[in-house]
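In what follows, a structure is listed as structure tokens, so that the remarks can point back to it.
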Ligand code: HEM
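Residue numbers (the numbering used here): 1 to 412.
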């Protein structure tokens with residue numbers, strides 16, 4: 001039924017040569033028939049080969065750098081049933097150039113992207129399962145009707161969203177970043193395979209990380225030696241289809257070029273550590289790596305893991321490294337082994353701070369300034385322990401509790 005309704009014509013808009021009315025009259029979104037087909041082809045072509053990780057990068061790719069402030073003014077008045085403000089008209093005129101169809105298409109794309117992607121990111125951040133754009137409108141003989149998008153969050157039929165894949169990537173990046181600026185710290189569980197990640201997401205965790213120990217050990221490979229790159233990359237490829245942001249533990253890059261690696265991953269975040277298989281990178285070397293990754297994939301949240309602390313190096317060295325990595329563009333810092341309140345508070349002042357789960361509640365850690373608590377390899381180790389305990393219980397004649405066969409199948 002919804003599908004039939006979404007195949008009806010969109011409400012038509014009058015011709016106009018200035019401002020938001022001009023924009024509406026020239027974009028794919030409010031056109032029907034042959035005009036829609038022509039504009040749809042133009043829109044699809046403009047999106048082809050766009051590899052943006054942020055809305056800013058999308059604006060640049062659409063040849064509208066610096067346009068997002070104006071786009072934010074146009075967006076609330078874009079729909080034909082909403083009155084147009086003078087501010088929105090002025091913004092549209094600043095971007096309109098020669099008032100040609102291609103310019104309208106570029107502005108239209110960015111308006112669609114801005115409003116819906118911000119809403120989508122907020123849904124991902126809060127774990128809200130509803131459609132970010134709840135309704136759309138269609139024209140019938142009896143007038144304009146509202147059509148629910150509950151069953152089709154990206155639309156359906158001729159007007160279905162052409163930006164779905166791009167929007168999903170950008171929204172996950174935006175949501176994951178925003179999760180590091182909440183009052184309460186983000187509790188980030190670390191998975192080691194597809195199903196452990198899917199089960200954690202189904203249990204209500206809004207973002208999922210991976211554990212390098214878990215991924216390596218599950219394949220019979222020792223951790224921390226850069227040997228499980230192929231397995232970590234294969235897992236990242238599986239997890240990119242999960243409906244939540246995923247961050248991937250890359251150790252120190254598995255001997256690959258981290259900038260290339262991150263750009264090809266499709267993850268909302270990565271962990272990159274300054275530990276090396278046999279020691280530590282110099283702060284300068286690590287800062288350079290970080291800046292190269294950020295240049296290549298600015299929307300991906302780069303969590304710089306600092307391995308000095310748990311190797312017993314003085315806290316001043318950890319602090320100096322944290323400063324250098326943040327200056328190089330790191331979005332967050334991760335200091336495994338950090339538990340001393342004074343040290344936590346000091347480092348939390350520099351950037352969103354990630355610590356490992358410890359004998360303090362998320363609220364207590366949040367009060368010290370922590371923004372992210374990861375489980376590291378804990379869940380993998382707990383699963384291993386539980387597996388052995390379950391087998392022992394069976395040997396001793398028990399029938400322990402576990403997910404049912406159907407519950408596991410439902411996660412796939
Ligand atoms: C990069 C970001 C995005 C771009 C470039 C984009 C672009 C577009 C364009 C150009 C259309 C009109 C297509 C047509 O009329 O033929 C459209 C439609 C649509 N978009 Fe997106 N969009 C983006 C993000 C999103 C997001 C995040 C959502 C919500 C989850 C969304 C939901 C929709 C829906 C529901 C429609 C169909 C509306 C209808 O049938 O009336 N879009 N999008």
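Cβ atoms here follow ideal geometry from the backbone N, Cα and C, with glycine treated the same way.
{"Asked": "Beta-bridge partners of residue 269, as assigned by DSSP", "Found": "247, 301"}
{"Asked": "At least three beta-carbon pairs within less than 8 Å, the stretch 172-183 to the stretch 243-252", "Found": "yes"}
{"Asked": "Residue from 122, 95, 121 with nearest C-alpha to residue 109", "Found": "95"}
{"Asked": "Beta-carbon contacts of residue 91 that lie in its chain and below 6 Å, excluding the five residues immediately before and after", "Found": "70, 73, 74"}
{"Asked": "Beta carbon of residue 84 nearer than 8 Å to that of residue 20", "Found": "yes"}
{"Asked": "CA-to-CA distance, residue 389 to residue 53, given in whole angstroms", "Found": "44 Å"}
{"Asked": "Check: residue 10 C-beta below 7 Å from any heavy atom of ligand 1", "Found": "yes"}
{"Asked": "C-beta atoms of residue 188 and residue 305 nearer than 8 Å", "Found": "no"}
{"Asked": "Simplified DSSP assignment, three categories, for residue 19", "Found": "helix"}
{"Asked": "According to DSSP, residues forming a beta bridge with residue 91", "Found": "Residue 91 pairs with nothing; no bridge assigned."}
{"Asked": "Residues near residue 259 in its chain [Cβ-Cβ closer than 6 Å; skip 5 each side]", "Found": "292, 293, 296"}
{"Asked": "heavy atom of ligand 1 below 7 Å from residue 29 C-beta", "Found": "yes"}
{"Asked": "Local conformation of residue 184 per DSSP, three classes", "Found": "coil"}
{"Asked": "Opening and closing residue of the alpha helix (DSSP H) in which residue 3 lies", "Found": "2-6"}
{"Asked": "Residue 30 - partner residues in DSSP beta bridges", "Found": "Looking at the DSSP assignment, residue 30 forms no beta bridge with any residue, so it has no partner."}
{"Asked": "Delimiting residues of the alpha helix (DSSP H) encompassing residue 380", "Found": "378-395"}
{"Asked": "Buried versus exposed call for residue 30 [16 or more other C-beta atoms within 10 Å across all chains shown]", "Found": "buried"}
{"Asked": "Segment contact flag, the stretch 311-322 with the stretch 340-350, C-beta cutoff 8 Å, min 3 pairs", "Found": "yes"}
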